[in-house]
Every structure is written in C-alpha cells, then in structure tokens.
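Numbering (the working numbering), first residue to last: 166 to 469.
Ideal Cβ placement from N, Cα and C applies to all residues, glycine included.
Take a look at the structure:
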C-alpha cells in the first residue's frame with residue numbers, strides 16, 4: 166500500500182507541476198542522447214583515423230630526419246641532417262636489414278600545377294618507381310611511372326584525386342594531357358586512387374613524379390655533402406611480428422652511417438604504423454572521454 170500511495174503522490178506532484186516535469190524529462194532524454202551520440206562520434210572518429218593509417222601501406226616503417234618530439238624542422242634551432250638515396254639503398258640491402266622486403270624514397274615539397282590557365286597549389290611528391298607498391302596505392306587511371314621513366318628522367322606526372330578534379334572539372338580523360346608543374350610541361354600518365362587525409366595532410370591534393378626528374382629539373386635541394394635530399398624513406402617489412410626487430414636493425418645501421426656516438430641521441434626517427442595508431446588512438450580516446458563527461462554533466466543537470 167505504501168508503494169501505491171507513493172506513486173499516487175508522485176503522479177499528483179507531476180500533474181501539479183507539468184512544465185517542470187516536462188523540462189526535467191527533456192533534460193534527462195537529451196542528456197542520455199548526448200552521451201550516446203558523443204561517445205559514438207568519438208569511437209567513429211577513432212576508427213576512421215585508424216583506418217586511414219592502416220591505408221598508408223602494409224607493415225610499413227617510416228624513416229624521417231630529426232626526432233619527431235623536437236617538432237617540425239622549421240621550428241628547430243639546429244639544422245637537421247637530411248636523409249639521402251644512399252640511406253634508402255643501405256636500408257634495402259638484405260645483408261644489412263634482412264627483414265626489409267622493399268624500400269622507397271619520397272622528397273616532398275609544395276608546387277604549382279596548372280592547366281588551361283588554372284593553377285593549383287599542391288604537395289609534390291618526387292618518388293622512386295616502386296613507391297606505389299610499397300605504399301599499396303593504386304591508380305584509377307593509367308599506371309605509375311616505371312624504373313625506365315625514372316632512369317631517363319622523364320617529365321611524367323600522376324595526379325592525386327582532388328588535383329585531377331580541380332584541373333579536369335568536366336571529367337575529361339587525363340592520360341597524355343599536358344600540365345605545367347612550376348611552369349614546366351609534364352605529361353599526365355595516371356590518376357591515384359583517393360586516400361583522403363594522412364599525417365602529411367590531404368594526400369589527394371598532390372602530384373607524383375620520378376625523384377630523378379625532380380632532382381634534375383625542378384627541386385635541386387642538396388645536403389652539405391652534395392647529395393640530393395629525401396624527405397622520408399618507407400621500408401616494407403616481411404611480417405608484422407618482425408617490425409620491432411627491423412626497427413632495431415635500421416636504427417643500428419643509421420647510427421653507424423651517420424656517425425652517432427654510443428651515448429648520443431638519434432638524429433632520425435623510425436615510426437611504425439602501430440606507433441601512429443597508438444598515439445592518435447590515445448588522443449582520440451581522451452577526447453571521447455572528455456566529450457562523454459560533458460554529456461554526462463548535462464544529464465546530471467537535467468536530472469536535478
């Protein structure tokens with residue numbers, strides 16, 4: 166009887182304070198919905214970022230100059246010792262790093278690409294001929310350039326998906342069309358599949374050309390020893406279980422090549438996909454908890 170009487174009192178109180186009751190119910194409903202929605206959004210973003218990094222390639226290691234923790238090269242007080250093609254060749258030597266199955270190099274800079282009076286500023290990637298294989302990155306039109314194109318320093322270029330859309334707004338067939346890269350004519354031989362965003366920005370707003378062509382004709386950037394610079398080296402590892410061992414092997418090799426003394430810090434970074442996923446996963450996990458806490462506060466306020 167006490168329970169029934171309590172329910173009657175509660176119903177009379179609700180009926181007497183209809184507006185307050187409705188607002189309280191709305192607060193609770195909105196609070197619960199906000200918790201669910203924000204947690205779902207956080208998890209969705211986390212999965213999206215993880216998938217983006219997984220799409221960078223299979224069992225990849227990224228070797229870059231300088232320590233990532235020191236910040237971008239432009240913000241560092243001391244000059245960063247660059248990577249070179251010789252470094253890439255050493256890492257790809259099976260007698261030195263047995264677990265590496267393939268290796269590619271990439272020199273990245275900004276460039277202007279134009280067609281029919283329209284200019285677009287993009288990221289220019291000057292790469293070795295096996296770059297698309299190492300990165301597991303296919304073309305939707307045409308093919309990636311060959312080793313012969315690289316050896317002959319051919320003026321050929323591939324367009325990222327967004328670059329193609331901007332230069333060919335009507336969907337024209339791009340193969341064998343001429344575009345200008347920093348004012349120099351290049352023949353389009355392919356369009357890369359869409360990759361979306363990545364650690365280096367929008368991968369689709371980019372162009373790709375032979376590294377040798379860029380070194381000889383466009384971006385003649387050398388280190389103090391007269392060697393052409395590369396921005397990053399990609400090493401493909403035979404098995405995911407061997408990635409830690411390969412990291413150790415490459416670290417030892419690079420320290421020897423760069424003359425780093427026993428107790429001195431590395432002046433380069435070796436990063437795996439798992440490292441990137443873990444770092445961004447931690448950040449997004451904390452963000453998800455933060456969003457959930459905000460939504461929970463609104464639920465608490467609504468309940469009060």
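Selection from the options that minimises the alpha carbon distance to residue i
i           : options               : result
residue 367 : 247, 324 and 350      : 324
residue 231 : 168, 431 and 349      : 431
residue 313 : 434, 305, 375 and 381 : 375
residue 270 : 247, 286 and 341      : 247
residue 385 : 272, 360 and 245      : 272
residue 382 : 279, 227 and 321      : 321
residue 245 : 415, 288, 389 and 412 : 389
residue 287 : 305, 346, 435 and 393 : 346
residue 278 : 337, 429, 380 and 352 : 352
residue 391 : 399, 331 and 380      : 380
residue 276 : 308, 255 and 328      : 328
residue 306 : 326, 412 and 439      : 326
residue 296 : 330, 309 and 429      : 309
residue 311 : 265, 377, 334 and 263 : 377
residue 434 : 226, 174 and 317      : 226
According to DSSP, residues forming a beta bridge with residue i
i           : result
residue 323 : 355 and 373
residue 394 : 249
residue 226 : 400 and 437
residue 387 : 393
residue 273 : 290
residue 268 : 400
residue 176 : Its beta-bridge partners do not exist; DSSP assigns none.
residue 204 : The partner list for residue 204 (beta bridge, DSSP) is empty, contrary to what the question assumes.
residue 349 : 346
Three-state secondary structure (DSSP) of residue i
i           : result
residue 249 : strand
residue 231 : coil
residue 329 : helix
residue 294 : coil
residue 261 : coil
residue 300 : coil
residue 361 : coil
residue 279 : strand
residue 284 : strand
residue 428 : coil
residue 198 : helix
residue 170 : helix
residue 340 : coil
Environment of residue i [buried if 16+ CB atoms lie within 10 Å]
i           : result
residue 339 : buried
residue 490 : Since the first residue shown for the chain is 166 and the last is 469, residue 490 is missing from the structure and cannot be characterised.
residue 253 : buried
residue 405 : exposed
residue 437 : buried
residue 417 : exposed
residue 239 : Unreliable placement is indicated for residue 239, whose pLDDT of 44 sits below 50; the coordinate value is still reported in the next sentence. Residue 239 should be labelled exposed.
residue 300 : buried
residue 291 : buried
residue 394 : buried
residue 257 : buried
residue 224 : buried
residue 399 : buried
residue 428 : exposed
residue 202 : exposed
residue 172 : exposed
residue 177 : exposed
residue 355 : buried
residue 289 : buried
residue 190 : exposed
residue 349 : exposed
is_contact[residue i, chain D] using C-beta, thresh 8 Å
i           : result
residue 169 : Absence of chain D from the displayed structure is noted, only one protein chain being present.
N- and C-terminal bounds of the beta strand (DSSP E) containing residue i
i           : result
residue 436 : 433-437
residue 343 : 343-346
residue 306 : 304-307
Unbroken alpha helix (DSSP H) run spanning residue i, endpoints
i           : result
residue 413 : 408-422
residue 314 : 312-316
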